Each structure stands twice: as structure tokens, then as C-alpha cells.
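Comments concern the structure below.
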Amino acid sequence: MTRKEWLDDDAGPVVRPFALIGGRARSSGDDLDLIALITTTGVSPRDRADISPEQATILELAADTASVADIASDLNLALGVVRVLIGDLQDQGLVRVRPPAQVAPLPSARILKEVINGLRAL
3 MTRKEWLDDD AGPVVRPFAL IGGRARSSGD DLDLIALITT TGVSPRDRAD
53 ISPEQATILE LAADTASVAD IASDLNLALG VVRVLIGDLQ DQGLVRVRPP
103 AQVAPLPSAR ILKEVINGLR AL
């Protein structure tokens with residue numbers, strides 16, 4: 003997915019990331035994990051004008067399920083910006099966020115302390 007975002011090598015992006023999200027730093031997407039999976043809900047946006055080109059790209063990527071990190075990489079945008087964009091789509095009911103599956107239970111504090119004490123004893 004290639005898009006021309008650069009006027010020339012020195013100019014930088016045509017639209018600065020903070021402008022894409024209206025200068026907001028917080029949204030309902032703030033708690034998204036890097037490996038959370040994003041999928042579309044199948045609901046169409048009420049008005050395509052309400053969706054930015056970046057959000058339209060997120061919807062295309064999420065049609066096949068994509069992680070937050072993959073979306074940020076494909077869009078070549080900062081993670082914070084992508085989280086806000088995804089949060090807005092989630093608020094509109096256009097995407098569903100599935101937290102990453104926990105592979106194994108976390109070790110208890112007692113086991114971690116024993117490992118640390120064992121390493122110090124070496």
C-alpha cells in the first residue's frame with residue numbers, strides 16, 4: 003500500500019500527525035496494546051466524509067484482522083496517532099478490538115524473587 007505523502011525528501015509529511023487527530027492526545031484507544039487485534043465489525047460508516055483517508059486505510063487493513071503495530075507500520079504513523087484513530091473508529095462501532103491472548107500465566111512474585119536470589123548467589 004504505497005501512497006505519496008512526501009512533497010520532497012526535505013519537506014516531511016504533507017499533514018503533520020497531530021493535525022490528523024485534531025491535536026488530541028487522548029481517546030478511547032489509549033489502552034490499546036501493540037499486539038491487540040483490530041477487526042472490522044461489518045458496519046458501514048454513516049457518511050464517508052466522517053472517515054479520514056487514514057481511517058479508511060485502517061478499515062481496509064482490519065478487514066483481514068491486523069495488530070495495532072502492523073497498522074501503525076503500514077500507515078507510517080506514530081503509535082499514539084494510530085491509537086487515537088482506532089479509538090475513534092471503535093467509538094463509531096466500525097472496528098472491534100480483541101486483546102492479545104495471554105500465552106502463559108505470569109509467574110508469581112515468589113518465583114521471581116527466588117530466581118533473583120539464585121542469580122545473586124552465582
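In this note's numbering, the protein residues as written are 3 to 124.
For glycine and all other residues, C-beta sits at the position ideal for the given N, C-alpha and C.
Keep in mind the model is a prediction, meaning the values are calculated, not measured.
Comparing alpha-carbon positions, which option in the options lies nearest residue i?
i: residue 34; options: 76, 86 and 95; result: 86
i: residue 72; options: 97, 40, 101 and 100; result: 40
i: residue 42; options: 115, 59, 121 and 55; result: 59
i: residue 66; options: 94, 98, 84 and 49; result: 98
i: residue 44; options: 121, 116, 55 and 94; result: 94
i: residue 37; options: 113, 54, 83 and 101; result: 101
Would you kindly work out how many angstroms separate the C-alpha atoms of residue i and residue j, rounded to a whole number?
i: residue 96; j: residue 111; result: 40 Å
i: residue 52; j: residue 46; result: 11 Å
i: residue 57; j: residue 69; result: 15 Å
i: residue 90; j: residue 119; result: 47 Å
i: residue 61; j: residue 48; result: 14 Å
i: residue 114; j: residue 122; result: 12 Å
Starting from residue i, follow its DSSP beta bridges and name the residues at the other end.
i: residue 122; result: According to DSSP, residue 122 bridges with nothing at all.
i: residue 40; result: 68 and 99
May I ask whether a heavy atom of the ligand ATP can be found less than 8 Å away from the beta carbon of residue i?
i: residue 102; result: Among the components of this structure there are no ligands whatsoever, and the ligand ATP is therefore not found.
Three Cβ pairs or more, each shorter than 8 Å: is that satisfied between the segment 104 to 118 and the segment 72 to 82?
No, because fewer than three Cβ pairs between the segment 104 to 118 and the segment 72 to 82 fall closer than 8 Å, the two stretches do not touch.
Whole beta strand (DSSP E) elements within the segment 44 to 104, 3-residue minimum:
Secondary structure remark: continuous beta strand (DSSP E) runs of at least 3 residues inside the segment 44 to 104, in chain order: 97 to 100.
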